[in-house]
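> Okay, handing you the structure first.
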Amino acid sequence: MAKQATKKKTAPRVNTQQKIVKAYKDHLLRNGSKPASVYQFTADLGLDEIEFYKYFPSFEVIDNEIWSEMIIHTIQSIKSDKVFEEYGAREKMLSFYYTLIEVLKKDRSYVKMTFKRSNKPEFVPAQLKGFKAEFDMFCKEIISEGQDSEEIVRRPYISDRYHDGLWLQLVFIISFWLRDTSKDFERTDAAIEKSANLSFELMGRGPLDMIVDFGKFLYQNK
Numbered sequence: 001m002a003k004q005a006t007k008k009k010t011a012p013r014v015n016t017q018q019k020i021v022k023a024y025k026d027h028l029l030r031n032g033s034k035p036a037s038v039y040q041f042t043a044d045l046g047l048d049e050i051e052f053y054k055y056f057p058s059f060e061v062i063d064n065e066i067w068s069e070m071i072i073h074t075i076q077s078i079k080s081d082k083v084f085e086e087y088g089a090r091e092k093m094l095s096f097y098y099t100l101i102e103v104l105k106k107d108r109s110y111v112k113m114t115f116k117r118s119n120k121p122e123f124v125p126a127q128l129k130g131f132k133a134e135f136d137m138f139c140k141e142i143i144s145e146g147q148d149s150e151e152i153v154r155r156p157y158i159s160d161r162y163h164d165g166l167w168l169q170l171v172f173i174i175s176f177w178l179r180d181t182s183k184d185f186e187r188t189d190a191a192i193e194k195s196a197n198l199s200f201e202l203m204g205r206g207p208l209d210m211i212v213d214f215g216k217f218l219y220q221n222k
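Heads up: the sequence shown begins at 1 in the UniProt record's numbering, then just goes up one per residue.
Put into structure tokens, the structure is as follows:
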């Protein structure tokens with residue numbers, strides 16, 4: 001009887017990119033600062049420096065990727081729920097905000113260290129550029145749906161900037177959450193609800209639109 005060949009057990013392949021990201025986060029949280037150099041960082045990790053540059057040109061790009069992954073995970077999570085498609089625009093944004101905060105909670109220390117709020121609203125820190133790009137795409141999708149359902153009003157010039165207003169709202173929500181000392185961040189939940197409701201009231205049909213419509217009516221029938 002022929003002797004059956006035995007298969008060699010192979011060790012699970014280590015994802016170098018994930019290894020770098022994990023080691024970077026650990027260093028940042030343990031030391032309170034970024035590694036002094038890529039050379040020293042990779043040496044401590046047992047990697048050649050060239051391995052780092054295959055995936056990231058700098059430590060800042062790692063931060064950008066981590067933030068991007070958090071929002072991508074959030075959007076995928078809410079869209080995987082069948083109920084999400086039945087929501088209106090306001091409910092979809094509320095679902096996004098609540099879910100994002102739950103995702104950020106898992107990395108609160110990291111978020112606290114890397115979330116930078118600029119004094120200039122038009123300036124987006126490097127580590128948040130990918131995060132904002134994903135948010136803008138998601139927002140524009142929700143805004144378009146809201147306009148089709150007439151939950152959100154199309155206004156000349158202003159409509160194209162709705163997503164910028166929602167970005168400022170998101171920055172406010174994250175900043176509020178990082179300062180929140182209430183039990184289980186209950187105040188943040190309230191801040192999300194109140195700010196989202198306000199923004200959708202402003203984007204929806206309000207007294208100003210009625211005044212404009214009435215003015216048009218009077219002009220056309222004078």
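A virtual CB, placed ideally from N, CA and C, is assigned to each residue, including glycine.
Predicted model, so just to flag it, every value in this text is computed and none were measured.
Please report the residue range of the alpha helix (DSSP H) in which Phe-176 lies.
Counting along the chain, the alpha helix (DSSP H) containing Phe-176 begins and ends at 162-179.
> Using the Cα positions of Lys-132 and Asn-64, report the straight-line distance between them to the nearest angstrom.
Straight-line Cα distance between these residues: approximately 10 Å.
> Return the Cβ separation of Leu-29 and Ile-71 in integer angstroms, given the expectation that the two are a contact with Cβ distance under 8 Å.
About 20 Å separates the two Cβ atoms, so there is no contact after all.
> Using three-state DSSP, classify Gly-130 as helix, strand or coil.
The answer is helix: DSSP assigns Gly-130 an H, G or I state.
> Going by beta carbon distance, what residues of the same chain come within less than 7 Å of Lys-112, once the five residues before and after it are set aside?
Excluding positions up to five away in sequence, the list reads Leu-178.
> What separation, rounded to the nearest whole angstrom, lies between the Cα atoms of Ala-43 and Gln-127?
Those two C-alpha atoms are separated by around 24 Å.
> Tell me which residues share the same chain as Pro-12 and place their Cβ nearer than 6 Å to its Cβ, disregarding the 5 neighbours each side in the sequence.
Because the pLDDT at Pro-12 is just 47, under 50, the model does not fix this residue reliably, and the value given afterwards should be weighed accordingly. Closer than 6 Å at the Cβ level, and outside the excluded window around Pro-12, lies no residue.
> Pick from Lys-34, Tyr-55, Gly-32 and Asn-197: whose alpha carbon is nearest that of Lys-93?
The displayed chain sequence assigns Met, not Lys, to residue 93. Nearest option by C-alpha distance: Asn-197.
> Assess, as a yes-or-no matter, whether the stretch 80-92 is touched by the stretch 187-203 under the definition of 3 or more beta carbon pairs within less than 8 Å.
With the cut-off at 8 Å, the stretch 187-203 and the stretch 80-92 touch.
> Are the CB atoms of Ile-192 and Ile-174 nearer to each other than 8 Å?
No, Cβ-Cβ distance for Ile-192 and Ile-174 is not below 8 Å.
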